[in-house]
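2 protein chains.
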Amino acid sequence: MEKDHEYFMTLALREAQKAYERDEVPIGAVIVSNNNGEVLAVNGNRTREKNNPCAHAEILVIEEACNRKGAQRIPECDLYVTVEPCPMCASAASFARINTVIFGAIDEKSGGAISGPRLYESPAIHHKPHVISGILASDCGTLMTEFFKGKR
Amino acid sequence: MEKDHEYFMTLALREAQKAYERDEVPIGAVIVSNNNGEVLAVNGNRTREKNNPCAHAEILVIEEACNRKGAQRIPECDLYVTVEPCPMCASAASFARINTVIFGAIDEKSGGAISGPRLYESPAIHHKPHVISGILASDCGTLMTEFFKGKR
Numbered sequence: 000m001e002k003d004h005e006y007f008m009t010l011a012l013r014e015a016q017k018a019y020e021r022d023e024v025p026i027g028a029v030i031v032s033n034n035n036g037e038v039l040a041v042n043g044n045r046t047r048e049k050n051n052p053c054a055h056a057e058i059l060v061i062e063e064a065c066n067r068k069g070a071q072r073i074p075e076c077d078l079y080v081t082v083e084p085c086p087m088c089a090s091a092a093s094f095a096r097i098n099t100v101i102f103g104a105i106d107e108k109s110g111g112a113i114s115g116p117r118l119y120e121s122p123a124i125h126h127k128p129h130v131i132s133g134i135l136a137s138d139c140g141t142l143m144t145e146f147f148k149g150k151r
Numbered sequence: 000m001e002k003d004h005e006y007f008m009t010l011a012l013r014e015a016q017k018a019y020e021r022d023e024v025p026i027g028a029v030i031v032s033n034n035n036g037e038v039l040a041v042n043g044n045r046t047r048e049k050n051n052p053c054a055h056a057e058i059l060v061i062e063e064a065c066n067r068k069g070a071q072r073i074p075e076c077d078l079y080v081t082v083e084p085c086p087m088c089a090s091a092a093s094f095a096r097i098n099t100v101i102f103g104a105i106d107e108k109s110g111g112a113i114s115g116p117r118l119y120e121s122p123a124i125h126h127k128p129h130v131i132s133g134i135l136a137s138d139c140g141t142l143m144t145e146f147f148k149g150k151r
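Protein chains in written order, with numbering that gives the first Met the number 0: chain A, 0 to 151; chain B, 0 to 151.
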């Protein structure tokens, strides 16, 4: 069976679940080469662990994949992430020249790719990745809802 | 003489100049504690050197200052940067709870704080740093113009 969006999103979800268990905002991300389906990086949020507000799942996997490729631009790669990227991460994916950003749940409150400031429609974002949303959205969103319910 | 915005911007400009000499986009940044004027981090762009599209000056100094403080939120700190932050960096400064973002030149083409997507007016950005612009703007902007002129 060919690996599909749900397969890679399941990998991202596993990272989100691990983030949840570390008491981090439960978002996970995966970078995949769209040449051969090779998984170049998987990670979840680690802002608390690293005392680093930039250590979102997406930033961590972009940095790792770029490091592995020895390049600051990885146009042959796709980014899977369980929740719509925030403006920081949406912009980082653009700088990395990510081909397609595939996410699960839309984040109307804090998302920045297609929600809120809609960066992927903004002239300030010079490379606009393709966007596919809604992959395993319910599972991805439920993890977030459960996490923040526990914080109230 | 009390240290003022121009003093700290001069430190940022020095980092921008060093970035220029490394053939990096010449932007420099400084994080200063607004309690006592302590300089917590200085750096310039290193995206080429690090093969990391996220290694903008602002991200590097936010990460270093947070690391020094052992915290992912540094609300007692101000960020000086020679050019208006892009959406990635404007968003990162918000996550870090930076008190005030002070920048030199406005970046109408790629800026994201008050230009383009105007993130600091967006409901998706939950902490909105104060903004002061135009400090040594001419020096900051000239360095960019010269750099990109050399690339054409």
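Just so you know, even glycine gets a beta-carbon here, dropped at the ideal spot from N, CA and C.
- [ ] Taking a Cβ distance cut-off of 7 Å, strictly less, list which residues of the region 49 to 63 of chain A are near chain B, in chain order.
- [x] N50, N51, P52, C53, I58, I61 and E62
Open item on the list: Output needed for A:K150: all residues of its chain with C-beta closer than 6 Å, excluding positions within five of it in sequence on either side, in chain order.
Closed with: none
Open item on the list: Between the alpha carbons of B:G69 and B:E62, how many angstroms are there, rounded?
Closed with: 10 Å
Task: Beta carbon proximity, A:F94 to chain B, threshold 7 Å - done: yes
- [ ] Measure how close the beta-carbons of B:A64 and B:L39 come, nearest whole angstrom, since I'm counting them as under 8 Å.
- [x] 4 Å
Task: Whole-angstrom distance between B:E5 and A:E14, CA atom to CA atom - done: 45 Å
TODO: Could you name the residues that DSSP lists as bridge partners for A:A40?
DONE: A:I30
Open item on the list: Taking 8 Å as the cut-off, does the region 94 to 113 of chain B touch the region 132 to 140 of chain B (at least 3 CB pairs, one atom from each stretch)?
Closed with: yes
- [ ] Can you pull the chain B residues whose beta carbon is under 9 Å from the beta carbon of A:N66, in chain order?
- [x] K49, N50 and N51
- [ ] Would you list the residues sitting across from A:H129 in a DSSP beta bridge?
- [x] A:T99
Open item on the list: Please state the DSSP three-state secondary structure of B:C76.
Closed with: strand
- [ ] List the residues of chain A that B:R72 touches, going by C-beta distances under 8 Å, in chain order.
- [x] P52
Open item on the list: So that I know if they touch, is there some Cβ in chain A lying closer than 7 Å to that of B:G140?
Closed with: no
Task: Member of A:R96, A:V130, A:N51 and A:L12 whose CA lies at the smallest distance from the CA of A:S114 - done: A:V130
TODO: Check whether the Cβ atoms of A:A123 and A:A89 sit closer than 7 Å, and answer yes or no.
DONE: no
- [ ] For chain B, find out if any of its Cβ atoms is closer than 7 Å to the Cβ of A:A91; answer yes or no.
- [x] yes
Task: In DSSP terms, what A:V82 is bridged to - done: A:A104
Open item on the list: Would B:Y119 and B:K127 be called neighbours here (beta carbons separated by less than 7 Å)?
Closed with: yes
Open item on the list: I'd like to know whether the C-beta of B:M8 is nearer than 7 Å to at least one C-beta of chain A.
Closed with: no
- [ ] Return no unless some Cβ of chain B is closer than 7 Å to the Cβ of A:G111.
- [x] yes
Task: Where the alpha helix (DSSP H) containing B:S137 begins and where it ends - done: A136 to K150
- [ ] Below 7 Å between beta carbons is the criterion; list the residues of the region 11 to 42 of chain B that meet it against any residue of chain A, in chain order.
- [x] none
TODO: Please confirm if B:A123 has its CB atom under 7 Å from at least one CB of chain A.
DONE: yes
Task: Proximal chain A residues relative to B:M143, where beta-carbon distance stays under 9 Å - done: Those do not exist, as B:M143 stays about 15 Å from chain A at its closest Cβ, beyond 9 Å.
TODO: Measure the CB-CB distance between B:F147 and B:P25 and report whether it falls below 7 Å.
DONE: no
Task: C-beta neighbour in chain B for A:G115, strict 7 Å - done: yes
Task: C-beta neighbour in chain B for A:G69, strict 7 Å - done: yes
TODO: Go ahead and label B:D22 buried or exposed: buried means 16 or more other beta carbons lie within 10 angstroms of its beta carbon, across all protein chains shown.
DONE: exposed
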